[in-house]
Structure formats: structure tokens, C-alpha cells
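S.K.: Per numbering that gives the first Met the number 0, the sequence shown starts with residue 0, numbered consecutively.
Glycine included, every Cβ here is placed at the ideal spot set by N, Cα and C.
For clarity, every value in this text was computed on a predicted model and none was experimentally measured.
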Amino acid sequence: MESKFEFLEKHYQQMFDHVAVGMHFCNGDGIIERANDFLAHMLGYEKDMLTGMSVSQITVPEDYQTLLNKLASFVGREQDHFVMEKRYIHKDGTHIWAETSVSAIYDEEGHPYQFFAIIKNIHESKQMKKIMSDQRLLLSTAMDKIPNRVFMKNAHGRYLACNSVFAKDVKMTPQEIIGKVDLDIYDERLAKKYRRDDMRIIAEGRPADIIEEYITGDTTRWVLTSKAPVYSDSEVIGIIGSFIDITNRMHMDKNIRENMALQQMEVERANEMFQLIFDVSEDLICMLNRDGIILQTNPSWFRQLGYTQSMLIGKSMARFLKQEDMAKAVAFFKEIYENGNSRPYKSDIPLIAGNSKEIWYNWSIRLVDDVIVASGRNIMIQRETEAYLINSRISAEKARLASERARIAAENARKASEKANKVKDEFIANMSHEIRTPLNAIIGLADLLSMQLNDRKQLKSVNTIKVAGNALLGLMNDILDLSKIEAGMMSVVHDVVSINDVVVDLSQIFEREVMKKRLSLRVIPDETMPDALMMDMKRTRQILLNIVGNAVKFTDEGGIVVRTKYLGRNNDETVNISISVKDTGIGIPEKDQERIFQSFQQQSANINHRYGGTGLGLAISRRLAELMGGSLALASKVGVGSDVILTLRGIELSHITEVEEVSNGILDICFPHTSILVVDDEALNLELMEEILKDRCRQLDCASDGQEALTLIEKNDYDLIIMDMIMPGVSGLQVARQIRKLPDYYDVPIICFTATVVENVVGGDHDSVFSDYLTKPIHISDMMTCINQWVNKQKSHLSG
Ligand code: ADP
């Protein structure tokens, strides 16, 4: 089996043979003990042939002596390793330069007994270096031999070489000049001019001859400078220049010189001004060659984009464009080159700034000879403003559309609600007609019955029918009122009213109830209240009935005070008044105080259960108050009581001070001289009317439709006609119109008998067909009052 030592030895040998540098071991006498393949190959020997040869045989004698001297330093162990360049002798006798690294191996007593050398072939690079130094020598000698000043600069204006006369002019050596720029050597004005000329030549790629000033120290001379671009792989990498002193020649023709100087000065001034504009311009200015390489830039590039000149010059413009704008820029360049100098070209293209932000420029580009001169105006603010304007326009348009949509939706909703309201109103009108007709019969007949009955028990039952019928009628009226108010169909009429009398009358209605509940009811009329006010008596009574009714209903202890108050006169001679109804009842929690004014809203369920009601009264009352130009307010505390205040404003004063009294004992009244015709399609109603009226008038006839009525009118004279509005076939209104046309009937009172009040057909004016109206279900007292009124009118008319 292979020992560890043998294994290492084998690998070491392999490495020694195959390594890409020469290696050998020699003993203290310089005899080669072992050499590798690389060394043998380098020197043209077979490997084995080198073994046993002396190092002196393969070393050039001068270098062998140097080697021995260096080896001597190993003896005193001054060093154990050195590197030297020496020439080896090839088998064919030629010399090969190599870099040799020698190490010594010492015995136990510290004497070197073996040397190890690593030999690197540097022959070719050594030769190349020599050729280059020879060339440089040749060039500098040649440059020095030329009487002209000669120099070379790179594209950034740094001197690469110059001859001695050039250096001498500025009191330097060529070595001192190399690496410097013109600004380090000449005054600023001259240095900048030289740089500009250089830039132009680099940009144009063509040589140029320039007559120019040349100032060194205190001396100013005139020189003729020739400059030419230096190319490497078709790229200008710098310029070479030479100039000769033509001061003497210039002296020869003073005029020429002066002219030239003048011209030169002008050119210089123009250049300086251009430079100033170039430096201070807010726009980006740059010059590019045909390949889009940046040749010159102004300081705006740094101010706006953060790029220094060294980051820009010599770089492709493409580096500063976004990928997606590249094609646009290329097409733009192509167009400029194809169409030449004919016009300036303009385009908006953004650049990428040093901080990676995109900045938009409006480029204006011209082709000057072969160079593109581009100036870019920053249009960021303009673009942002445009974007802002577009956004605002879009937002405004969106808002307009949204509001248009909202308007259409509102319009649709309005139409839908109008339609729904109409349907609802029609439904309610129809329903109320349908309900009131049988109710009319129930209440009317019960009313009549109660007048004929003497038995207490029977009377009580009939009264219950009346109470229930009236409650149902009240509810119907409330619902109808509410729907009329909501549809805007409720109108206010003006009667002459004494409000103090109204509250006194009203309180009497509640007298029995108040006594039953052992409450007190006090009316405190304001003595200063005007006697006759133009007010809607019916609506005012309706409101007061409701709020006094509530006060009585929700009070179990204590009492109610109804107080009128004159609030004074307005500028337009109208007056304001209030009526407050204060109770010591259960009160209303604050959270419910607004809610209860909405339709069908009451206090909590248990209170509702205990006291009943529909929750419509206050809703109707408040709306009626508002309709009359007033308001209905509430102040209340739970357990203490409530104060409901009706305030009415802008009430006109009446010029007629006498308020009509409602006659008492109306139920007993008779009209012995009056003949009456009743027209109604409902047999039940006709029966009822007959019952009520037959013994109270001279003649009573009944007709169940329009045709029958007209036939009767032809045969008889009637003093008063009661006409049902809604009848199958010809309506009451149409029949009444026909009657009015008859010669003797133009002023006979025709009383409309209706479940729903029809505007414009009732009233005192000439256009109205009906003289008055009675609502269904009929109340005997209302009907008697109405007939009595018209009979009296006729009487006074006849006597007048
Ligand atoms: P209704 O009396 O038919 O329920 P209203 O609209 O007149 O309808 O009243 C609504 C609710 O307001 C009543 O149910 C009651 O809860 C409350 N309310 C009205 N007036 C009074 C009052 N004077 N005292 C206590 N609660 C009242």
C-alpha cells in the first residue's frame, strides 16, 4: 500500500512538472539537480538534459556574476529569498529575459546547501517595453527637432505630450506639462478659448488652422495653430496640434494685423457673450455628434439634473433617456439629419435626472455643420399645470355628471312620488267615499233613532253605535285631511271669528268629560284680544279640539287651562295671537317631544295602549297651523304636565265686527214653505233623508239618478235641491249644470252632498255650480243649519 509520504511525493512531482513557470533545484555548487518541463521547454532542452548542468551554462555571463553576488547574501543568512531579472541562454544560443525568484534551503548548521528557483518568462514584455520606450524617445526627439511648438491632448483637454520648445515657452519641462489642462498653464480667457477650439475640432472631426494670440508671461505673440483630431476606432480620443510664431509676419503688415486684432477682439467678445449666455441659460444646452455622443454641455445640466461635465461629455445621449423614448429620439435625430438645416426641430422628450426622476423638456434642435446643437426648456411646471387642469376638468365633468344623475334621479323620484301620491290620494278619496256612504246611513239612522226612542237601555245601545260610528268617521276625516294637506290640496278660508268665543264654546264640549274625570277646565280669554279676526274657523277649531282633547285625555288629576293671548299688531296692520292649552297630565318625555308631531306617532306602547288614539291629531294640527301661517309648539315635563301653544301670525282684522251666532235648537226647525228635491243613487241615503226631512218641509221628492231628477224638475218647482256628487252614469255636477241652465233655476240653492269636497264647484262666486256643500255622513244638525241658512237667504231676498 502507498504510504502518505509516497502519496504526497507523487502529487508534488505532478505539480512541479505541470506548473506554467520554470522551476529547478540546484546544489551549493550550482549544479542543477532537478528541473521541470516548463523550464526545459523554455530553454529548448529535453528535461533530463538539464539535470547535472551548471546554472552558469544557462546564464549570460554578466548576469551570472550578479547572481553569484546575490547568492552570497544567503551565507550570512542576510536574506533567504531574492528576485532578479536575468538573461538565460537558449540551447540555440539566443538570450531569453526572465524574472527569477531564488530561495535557499539551509542545513542544520545554517549553511545553504540547496537553492530553489522559479523562472518567469518576461522576454516579450521586456522587448515590448523597449520598443515603446524607443518609440517614445524617437517621438520626443522628433518633436524636439521640429522648430514648431507641438502638443497632444486627450478629449478632456489634458496634455499627453508636448515638445521642449512648447514647454520652454511656458517655463516648464514636458514632464511637468503632461497631465495638465490649459487652465493650469494659460490665463483663463486664453485657456477657455483654446478649449472651445479643441471642442469644435473634436465635434467636427476635422483639422483646422487658427490664427490666435499666444501670451506667455508678459509677452503677447501671434501664432498660426494647426489642430487635428486623433482617432481610435473611429472615435475622436484627442487632438494633436502645432503652432508657429507669426508675430514677425504680422508686424510686416500693420493694417492686416490691426484688422485681425479687431476682428479677433470682436470674435472674442462674441465668444465671451456666447459663453455667458451658455453659462447662465436656464435651458439645457448641449452639442452632440452624429452618433448622439455629448460633446459639450452648459451648467444647467448640473443645476437641473445634477450631472457634472465629466459625467456627460463623451457619453451617449441615450444614457439619459428612458427606454420607451429612445425610438422617438432616434426618429427625431434621423429626421434632422435627413432634412438638414432647413428649420429648427421641436419635440417634447424627458430626461432622467441624477436622482432617477423624470424631467420633461421641450427640445429645440439645429444642425450646425455636422454637430447637433440642442436646447431643452424645462416644461415640468407647464406639464403639471396641464395635468392639474385636465384632472380638474375631469373632476368638474364628473361632478357635473354626478349632479346631473342626481337631478335625474331626484326628478324620477319626484315623478314616482307624485304618481304614488296621486294613486294614494285617489285610493283614499275612493275609500273614504266607500266608507262614508254606509257610515252616513249608520250615524244618521242612529241619530234619528235616538230622537224617537224613550227606553234608556235601547237609547244607550243606539248611542254606542253613534259613538263608534263617529270615532270611525273621525279617523276617516283625519286620514283624508292628512292626505289633502300632503298633496297641497287643503286651502284656507277666512271667516269672521271671535277667538275668545271659540275657546269658550269649545270648552263646553269637554265639560262633561272634565267633570267625569273630576278635573278643572278654566278658560282665560285675553281681554285685549280683537273681537273680529279673519281666520279659518273650521281649521282653528279642529286644532283646538285636538289639543284640548289630548289635554283632557292625558290628565288624570288637576286640570286644564286654556288661555288666549293677543301678541300685538304687525306693520302691515295684521295681528299675531296665541292660544295655549296647559295641563297637569302625564307629560311627554323629551325624546318623544318632536316625534309625536309625525303621523301615527305616539308615546310608548303601554301609554298608547292605556289611552288609545291614532297618533294623527298632532301631525294634522301642526300642518294646519303651518298652513295658516302659524306654528304649534310644545313644552312638557313627565309627571308635571304639558303646554301646547298654537301661535297664529299675520291675521287680518275684520271690518265687520258682528260674529254670526250658530242658532241653538236647530234640531226642532221646520221649513213649511219650502219644497226640496233630494238626488242620490244610494237607496239607504234617500231613505234617511226622507226620514229627516219629510215632516219638516212643504214637499219632499227623491230621485235616484240625474234623469229622474230632471223629469221631476220639469213637473214641479223646487226651492232647494240636495244633489249627491258621485252617481253612476251622469255625475251630480253634470246634472247640476243642466239644472242651472233652466230658466227658473239659475239661483235656486243646489247643495252638493259629497264624501270628498270638490273645489271650484262650491261657493258663492258666479262660476260655481253648487251653492254649498254637506259632507257625508250626514249630521242632522249640520244639514238643518245649512238648509236654514239658504231658506233665510231666499226669504230676505224675496222681502228685499
Ligand atoms: P292621539 O292622541 O290620537 O294618539 P296625537 O297626534 O294627538 O294622537 O298625539 C300623539 C301622542 O302624543 C299621544 O298619543 C300622546 O302619547 C302624546 N300626547 C299628545 N298630547 C299630550 C298631552 N297633553 N299629554 C301627554 N301626552 C300627549
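1. Between the region 506–523 and the region 598–609, do at least 3 Cβ pairs fall closer than 8 Å?
2. Just list the residues that DSSP pairs Leu366 with in beta bridges.
3. What runs of the alpha helix (DSSP H), each 4 residues or longer, lie entirely inside the region 538–569?
4. Roughly how many whole angstroms lie between the Cα atoms of Lys3 and His10?
5. Is the CB-CB distance between Tyr185 and Ile214 below 8 Å?
6. Using 10 angstroms around the beta-carbon of Leu320, count the other beta-carbons present and answer buried if the total reaches 16, otherwise exposed.
7. Alpha carbons only, please: which of Leu709, Ile750, Met726, Leu719 is nearest the one belonging to Ile738?
8. From Thr218 to Ile209, what distance separates their C-alpha atoms?
9. For my contact list, Gly584 and Ala550 are in at a C-beta cut-off of 8 Å; report their separation, rounded to the angstrom.
10. Any heavy atom of the ligand ADP closer than 7 Å to the Cβ of Thr583?
11. According to DSSP, is Met534 part of a helix, a strand, or is it coil?
12. Look at the alpha carbon of Asp197 and the alpha carbon of Phe165, and state the distance between them as a whole number of angstroms.
13. Do three or more CB pairs link the region 473–480 to the region 706–726 at distances below 8 Å?
14. Given the structure, does Ser641 come close to the ligand ADP, in the sense that its CB is under 7 Å from one of the ligand's heavy atoms?
15. Does the separation of the CB atoms of Asp458 and Ser449 fall below 8 Å?
16. What does a CB cutoff of less than 7 Å around Asn801 pick up in its chain, not counting 5 residues either side in sequence?
17. Measuring CA to CA, which of Gly614, Lys636, Ile578 is closest to Ser630?
18. Examine the ligand ADP and report whether any of its heavy atoms sits within less than 7 Å of the Cβ of Asn549.
19. Residues in its own chain within less than 7 Å of Ile786 by CB, not counting five upstream and five downstream?
20. Could you tell me if the beta carbon of Asn469 falls within a distance shorter than 7 Å of some heavy atom in the ligand ADP?
21. Where DSSP assigns a beta bridge to Met286, which residues make up the other side?
22. Quick one: what's got a C-beta closer than 7 Å to Asp781's C-beta in the same chain, skipping five residues either side?
23. Return the first residue and the last residue of the beta strand (DSSP E) that Gln113 is part of.
24. Going by the beta-carbon positions, is the gap between Gly27 and Tyr112 smaller than 8 Å?
25. Give me, in chain order, the residues of the same chain whose beta-carbon lies closer than 6 Å to that of Asp324; leave out the 5 immediate sequence neighbours on both sides.
26. Is the CB-CB distance between Ile546 and Val513 below 8 Å?
27. Taking only the alpha-carbon atoms, compute the straight-line gap between Ile95 and Ala160 and give it to the nearest angstrom.
28. Do Met286 and Val372 count as a contact pair if the criterion is CB distance below 8 Å?
29. How is His23 classed by DSSP in three states: helix, strand or coil?
30. How is Arg148 classed by DSSP in three states: helix, strand or coil?
31. Confirm, please, whether the CB-CB distance from Ala445 to Val461 is below 8 Å.
32. Taking all protein chains shown into account, do 16 or more other C-beta atoms lie within 10 angstroms of the C-beta of Asp62, making it buried, or fewer, making it exposed?
33. Would you mind listing the beta strand (DSSP E) stretches within the region 131–181 that are 3+ residues and don't spill past its ends, in chain order?
34. Find the nearest neighbour of Ser346 within the set Glu337, Ser355, Lys327, Tyr336, judged by alpha-carbon distance.
35. Along the chain, where does the beta strand (DSSP E) containing Asn809 start, and where does it finish?
36. Should Val370 be labelled buried (16 or more other beta-carbon atoms within 10 Å of its own) or exposed?
M.R.: Reading off the structure:
1. no
2. Against the sequence shown, residue 366 aligns to sequence position 367. Bridge partners of Leu366: Ile371.
3. none
4. Taking the first residue of the sequence shown as 1, we reach residue 3 at position 4. Taking the first residue of the sequence shown as 1, we reach residue 10 at position 11. Cα to Cα, Lys3 sits roughly 11 Å from His10.
5. For the purposes of this step, residue 185 is identified with residue 186 of the sequence shown, where counting begins at 1. For the purposes of this step, residue 214 is identified with residue 215 of the sequence shown, where counting begins at 1. For Tyr185 and Ile214, yes; Cβs fall inside 8 Å.
6. For the purposes of this step, residue 320 is taken as residue 321 along the sequence shown, with counting starting at 1. Buried is the call here.
7. Walking along the sequence shown from the start, residue 738 turns up at place 739. When each option's Cα is compared against that of Ile738, the closest is Leu709.
8. The residue you call residue 218 lines up with position 219 of the sequence shown. The residue you call residue 209 lines up with position 210 of the sequence shown. Cα-Cα distance, rounded: 19 Å.
9. On the sequence shown, position 585 is the one that residue 584 refers to. On the sequence shown, position 551 is the one that residue 550 refers to. That pair is a contact at about 7 Å.
10. Reading the sequence shown from its first residue, position 584 is the one you call residue 583. Because no heavy atom of the ligand ADP lies under 7 Å away, the Cβ of Thr583 does not count as near it: no.
11. Taking the first residue of the sequence shown as position 1, residue 534 is located at position 535. Looking at Met534 - three-state DSSP - the assignment turns out to be strand.
12. Position 198 of the sequence shown holds residue 197. Position 166 of the sequence shown holds residue 165. For Asp197 and Phe165, the gap between their C-alpha atoms comes out near 17 Å.
13. no
14. Position 642 of the sequence shown, counting from 1, holds the residue named residue 641. Checking the Cβ of Ser641 against the ligand ADP gives yes.
15. Position 459 of the sequence shown holds residue 458. Position 450 of the sequence shown holds residue 449. According to the sequence shown, residue 458 is Leu rather than Asp. The Cβ atoms of Leu458 and Ser449 sit closer than 8 Å to each other.
16. No information on residue 801 is available, as it lies outside the stretch 0 to 799 that the chain covers here.
17. On the sequence shown, position 631 is the one that residue 630 refers to. That would be Ile578, whose Cα lies nearest to the Cα of Ser630.
18. Counted from its first residue, the sequence shown places residue 549 at position 550. Yes, since a heavy atom of the ligand ADP falls inside the 7 Å radius drawn around the Cβ of Asn549.
19. Counted from its first residue, the sequence shown places residue 786 at position 787. The answer, listed in chain order, is Phe670, Leu719.
20. Taking the first residue of the sequence shown as 1, we reach residue 469 at position 470. No, since every heavy atom of the ligand ADP falls outside the 7 Å radius drawn around the Cβ of Asn469.
21. As a first step, residue 286 must be located in the sequence shown, where it is residue number 287. DSSP output for Met286 lists Gln295, Val372 as bridge partner(s).
22. For the purposes of this step, residue 781 is taken as residue 782 along the sequence shown, with counting starting at 1. If we look at Asp781 and ignore the five residues flanking it on each side, its Cβ neighbours are Leu773.
23. Locating residue 113 in the sequence shown gives position 114, where the first residue counts as 1. Where Gln113 is concerned, the enclosing beta strand (DSSP E) stretches over 111–120.
24. Translated into positions along the sequence shown, residue 27 becomes position 28. Translated into positions along the sequence shown, residue 112 becomes position 113. A contact, by the Cβ cut-off of 8 Å.
25. Taking the sequence shown and counting its residues from 1, one reaches residue 324 at position 325. For Asp324, where only same-chain residues beyond five positions count, the Cβ hits under 6 Å are Ile348.
26. The residue given as residue 546 occupies position 547 in the sequence shown. The residue given as residue 513 occupies position 514 in the sequence shown. No, they are not a contact pair.
27. Locating residue 95 in the sequence shown gives position 96, counting from the first residue. Locating residue 160 in the sequence shown gives position 161, counting from the first residue. Using only the alpha carbons, I get a separation of about 33 Å.
28. Here residue 372 corresponds to residue number 373 of the sequence shown, with the count starting at 1. Here residue 286 corresponds to residue number 287 of the sequence shown, with the count starting at 1. Yes.
29. Taking the sequence shown and counting its residues from 1, one reaches residue 23 at position 24. Strand.
30. To locate residue 148, count along the sequence shown from 1; it is residue 149. Here Arg148 sits in strand by DSSP.
31. In the sequence shown, counting from the first residue as 1, residue 461 sits at position 462. In the sequence shown, counting from the first residue as 1, residue 445 sits at position 446. Remark: C-beta atoms of Val461 and Ala445 approach each other more closely than 8 Å.
32. For the purposes of this step, residue 62 is identified with residue 63 of the sequence shown, where counting begins at 1. Counting other Cβ atoms within 10 Å of its Cβ, Asp62 reaches 16 or more and is therefore classed as buried.
33. 148–153, 158–161
34. If you number the sequence shown from 1, residue 346 lands on position 347. Measuring from the Cα of Ser346, the nearest candidate turns out to be Lys327.
35. A query on residue 809 cannot be resolved here, the shown segment of the chain reaching from 0 to 799 and no further.
36. On the sequence shown, position 371 is the one that residue 370 refers to. Buried.
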